[in-house]
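**Student:** With the working numbering, the residue at position 137 of the sequence shown is 977, and numbering never jumps.
There's a structure below that I have some questions on.
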Amino acid sequence: MLKASCLSLLIAVAVPGLCAAQGADNGAAGPDFWAVSGVSETGSLNVRSEASASAPVVIQIANGTVLRNLGCEGQGDARWCRVESPDGITVKGWVAGRFLVENAPPTEGDALVEGTPYHATGDLPCVLKSFPDATSCPFGVIRVPEKSLASIFITLPDGGQRLLEFRDGEPVEPAGTTMTSSQVEDVTEVDLDDGQERYSIFDIVYAGD
């Protein structure tokens, strides 16, 4: 399950006993920061592109992830809050308010997903002709902002790995393949070898907007 982190510390301990998202006012009212709370230890919270349970999932995050509050709407369990990570890049979207509690601002620091070299891990949509049942593929991403570089390591169903690199926001053709790519809103569609492999990469995975 995905645990997102970045150059600004995303993983922090929620401050207990403070108000939950359900109690915050609409708009920009409420605390400056939330922390994810109430997700199972093996689960993750979906960050969606819109305030709807049917909207596409752009990234998944774990308990304790600190998020900036950009305003909430709705009531009770149907309440949705627009959030972003403290760096304004790694996480952007809408989450169910019942999984948020008020939190202090994060401390500055460099954080990786625990036990990995990655700044974020999770699953991304994929279509693989060699594995017709596959609809998503696990990934880990390493970002080097000062070089405008992101390396996305994608695990294939047979245990193999595909490396996709983005430089200056554009995918780089892997050695030994042919590649075409297209941008649809905040998603880069990457096709390799005439459709043998297809990956959908949200901008926030490699660099943000």
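Where is the CB? At the ideal position from N, CA and C, for every residue including glycine.
When the Cα atoms are used, what is the spatial distance from serine 1040 to isoleucine 982?
**Tutor:** For this step, residue 1040 is matched to residue 200 along the sequence shown. For this step, residue 982 is matched to residue 142 along the sequence shown. Going from the Cα of serine 1040 to the Cα of isoleucine 982 covers about 17 Å.
**Student:** Let me know if leucine 1003 comes out buried or exposed under the rule of 16 or more other beta-carbons within 10 Å of its beta-carbon.
**Tutor:** Translated into the one-based positions of the sequence shown, residue 1003 becomes position 163. Leucine 1003 comes out exposed.
**Student:** Hey, alanine 960 and valine 1045 are a contact pair by Cβ (cut 8 Å); roughly how many whole angstroms apart?
**Tutor:** As a position in the sequence shown, residue 960 is number 120, starting the count at 1. As a position in the sequence shown, residue 1045 is number 205, starting the count at 1. Between valine 1045 and alanine 960 the Cβ distance is about 7 Å, and since that is below 8 Å, they are a contact.
**Student:** Helix, strand or coil: how does DSSP classify arginine 919 here?
**Tutor:** As a working mapping, residue 919 is identified with position 79 in the sequence shown. Coil, per DSSP.
**Student:** How would you label glutamine 900, buried or exposed, when you count the other beta carbons within 10 angstroms and need 16 or more for buried?
**Tutor:** As a first step, residue 900 is located in the sequence shown; it is residue number 60 there, counting from the start. Glutamine 900 comes out buried.
**Student:** Using the DSSP secondary-structure output, state which residues sit across from phenylalanine 1006 in a beta bridge.
**Tutor:** Here residue 1006 refers to the residue found at position 166 of the sequence shown. According to DSSP, phenylalanine 1006 bridges with Ala990 and Pro1011.
**Student:** Where does proline 985 fall in DSSP's three states?
**Tutor:** Position 145 of the sequence shown, counted from the start, is the residue given in the question as residue 985. Reduced to three states, the DSSP call for proline 985 is helix.
**Student:** If contacts are defined as beta-carbon pairs under 8 Å, then leucine 1001 and isoleucine 992 qualify, I think. What distance do you get, rounded to the angstrom?
**Tutor:** In the sequence shown, residue 1001 corresponds to position 161, counting from 1. In the sequence shown, residue 992 corresponds to position 152, counting from 1. Per the sequence presented here, residue 1001 reads as glutamine, with leucine not at that position. The Cβ separation is near 10 Å, so there is no contact.
**Student:** Short check: CB of valine 923 to CB of valine 931, under 8 Å?
**Tutor:** Numbered from 1 along the sequence shown, position 83 holds the residue referred to as residue 923. Numbered from 1 along the sequence shown, position 91 holds the residue referred to as residue 931. Going by C-beta atoms, valine 923 is nearer than 8 Å to valine 931.
**Student:** Ordered along the chain, which non-local residues of its own chain (more than five positions away) have a Cβ less than 7 Å from that of threonine 1020?
**Tutor:** Mapped onto the sequence shown, residue 1020 falls at position 180. Contacts found: Asp1031.
**Student:** I'd like to check one pair, valine 967 with arginine 1038: are the Cβ atoms closer than 8 Å?
**Tutor:** As a first step, residue 1038 must be located in the sequence shown, where it is residue number 198. As a first step, residue 967 must be located in the sequence shown, where it is residue number 127. The answer is yes: Cβ separation under 8 Å.
**Student:** Taking the alpha-carbon positions, what's the alanine 990 to glycine 1016 distance?
**Tutor:** Working through the sequence shown from its first residue, we reach residue 990 at position 150. Working through the sequence shown from its first residue, we reach residue 1016 at position 176. Alanine 990 and glycine 1016: Cα-Cα distance of roughly 20 Å.
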